[in-house]
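Here's the structure we're looking at; comments come further down.
2 protein chains.
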Amino acid sequence: MAIITPFITSDGIVEIYVDNLFKGIVVIDRLNPPYGIALPGGFMDVGESIEQCLKREMLEEISLDVEIKGLLGIYSDPNRDPRFHTVSAVYICRAEQLPIAGDDAKTCKVVSLEKLLNEQFVFDHALIIKDYLAYRQLRSDKDFPSGEEKD
Amino acid sequence: MAIITPFITSDGIVEIYVDNLFKGIVVIDRLNPPYGIALPGGFMDVGESIEQCLKREMLEEISLDVEIKGLLGIYSDPNRDPRFHTVSAVYICRAEQLPIAGDDAKTCKVVSLEKLLNEQFVFDHALIIKDYLAYRQLRSDKDFPSGEEKD
Chain D
79 MAIITPFITS DGIVEIYVDN LFKGIVVIDR LNPPYGIALP GGFMDVGESI EQCLKREMLE
139 EISLDVEIKG LLGIYSDPNR DPRFHTVSAV YICRAEQLPI AGDDAKTCKV VSLEKLLNEQ
199 FVFDHALIIK DYLAYRQLRS DKDFPSGEEK D
Chain X
79 MAIITPFITS DGIVEIYVDN LFKGIVVIDR LNPPYGIALP GGFMDVGESI EQCLKREMLE
139 EISLDVEIKG LLGIYSDPNR DPRFHTVSAV YICRAEQLPI AGDDAKTCKV VSLEKLLNEQ
199 FVFDHALIIK DYLAYRQLRS DKDFPSGEEK D
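Spelled out as structure tokens, the structure:
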């Protein structure tokens with residue numbers, strides 16, 4: 079019996095800090111269909127862990143060596159991707175530099191939390207962003223690294 | 079370009095409560111290779127969410143309609159499964175009945191937390207169990223549902 083499961087991807091919510099001040103998270107304008115604004119991320123390769131996949135994708139797509147802070151969740155709705163069924167493991171990450179667009183990104187930018195929901199996200203990335211904002215609200219102050227700006 | 083990613087599975091740490099008292103978690107003796115003791119779980123189908131996959135597998139394999147409590151983690155080491163590269167989303171679940179072995183399980187049983195690490199687990203399930211036990215230690219008392227026995 080042939081085993082067929084959905085494709086696995088990993089996406090990053092990359093929190094950018096400059097001089098230890100939180101500036102926002104990275105979004106990309108996709109080079110390939112479906113076109114639009116998205117979190118950076120991509121397909122997992124056989125032979126790498128999901129964390130290696132995430133770090134590789136962040137390096138390839140936004141030129142950042144990110145530190146993984148934690149898993150936000152798994153997004154697996156069969157209709158979340160218009161092409162085929164994908165499952166994404168979404169991690170919150172931190173980086174200390176500004177992103178530069180690479181593979182699969184026409185451009186990229188850092189967006190403050192207040193302006194994030196003004197973006198027109200593809201896939202289910204608006205849902206992921208809402209979950210991320212809710213998660214930040216829930217975290218108590220002591221969980222924030224020192225020097226982080228509250229919103 | 080053909081996309082190939084690892085296979086996705088979901089495994090359950092199913093906490094069994096009888097008369098609201100915590101009895102332990104469910105392990106199975108596998109019917110198919112690799113033989114040995116494992117957490118119940120199985121491959122995700124295209125067209126279902128990861129949570130639907132987990133609930134379906136728990137029904138098929140240990141005959142329980144489980145309530146999903148939360149995500150423990152994602153296990154994705156390329157060597158975790160001797161057959162091929164699999165990624166497992168592991169969820170903590172709760173059920174109020176005793177399990178009955180179904181598909182892919184020769185037998186199943188409920189094992190108390192004290193005795194869990196005496197089992198000879200296949201895959202990386204001993205690591206998952208260690209993470210689960212550490213997670214239980216970390217949770218503060220208020221997070222335990224009322225009536226749950228502490229260990």
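If you read the sequences in order, they're chains D and X.
If you read the first sequence in the working numbering, its first letter stands for residue 79, the second for the next number, and so on.
If you read the second sequence in the working numbering, its first letter stands for residue 79, the second for the next number, and so on.
Idealized CB from N, CA, C, for every residue including glycine.
- For Glu192(D), no beta strand (DSSP E) run applies; the uninterrupted alpha helix (DSSP H) run containing it begins and ends at 191 to 194, by DSSP.
- In this structure the segment 84 to 99 of chain X lies against the segment 117 to 137 of chain X, because at least three pairs of beta carbons, one per stretch, are closer than 8 Å.
- Secondary structure note for Leu137(D): its alpha helix (DSSP H) is the uninterrupted segment 128 to 140.
- In the DSSP assignment, Ile152(D) falls within the unbroken beta strand (DSSP E) covering 145 to 153.
- Residue environment: Thr164(X) is assigned as buried (16 or more neighbouring CB atoms within 10 Å of its CB, all protein chains considered).
- Rounded to whole angstroms, the gap between the alpha carbons of Asn98(X) and Ile206(X) is 25 Å.
- With a threshold of 9 Å between beta carbons, Glu129(X) makes contact with chain D.
- For Asp159(X), same chain residues with a beta-carbon under 6 Å away, outside a window of 5 residues either side, are Phe201 in chain order.
- For Phe85(X), the nearest CB of chain D lies under 9 Å from its own CB, placing it at the interface with that chain.
- Taking the Cβ atoms as the reference, Ala173(X) lies roughly 6 Å from Ile94(X), within the contact range of under 8 Å.
- The Cβ-Cβ distance between Ala116(D) and Val105(D) falls below 9 Å.
- Note on geometry: alpha-carbon atoms of Leu211(X) and Tyr153(X) lie some 16 Å from one another.
- Residue Gln175(D) holds the alpha-carbon nearest to the alpha-carbon of Leu142(D) among Leu194(D), Pro84(D), Gln215(D), Gln175(D).
- Of all residues in the segment 192 to 212 of chain X, none is placed with a Cβ closer than 7 Å to any Cβ belonging to chain D.
- Using a Cβ distance threshold of 9 Å, Leu191(D) and Lys208(D) do not count as a contacting pair.
- By the Cβ neighbour-count rule, Phe162(D) is exposed, with fewer than 16 other Cβ atoms within 10 Å of its own.
- Just so you know, the alpha carbons of Gly102(D) and Asn110(D) end up roughly 24 Å apart.
- Closer than 9 Å at the C-beta level to chain D, one finds these residues of the segment 110 to 123 of chain X: Phe121, Met122, Asp123.
- The beta carbon of Ala179(D) sits no closer than 9 Å to any beta carbon of chain X.
- The alpha-carbon of Ala179(X) is positioned some 51 Å away from that of Phe100(D).
- Beta-bridge partners assigned by DSSP to Thr83(D): none are found.
- The beta carbons of Glu139(D) and Asp181(D) sit about 5 Å from each other, so the pair counts as a contact at 8 Å.
- With respect to chain X, the C-beta atom of Ile91(D) has no partner C-beta closer than 9 Å.
- Using a Cβ distance threshold of 9 Å, Leu150(D) and Ile170(D) count as a contacting pair.
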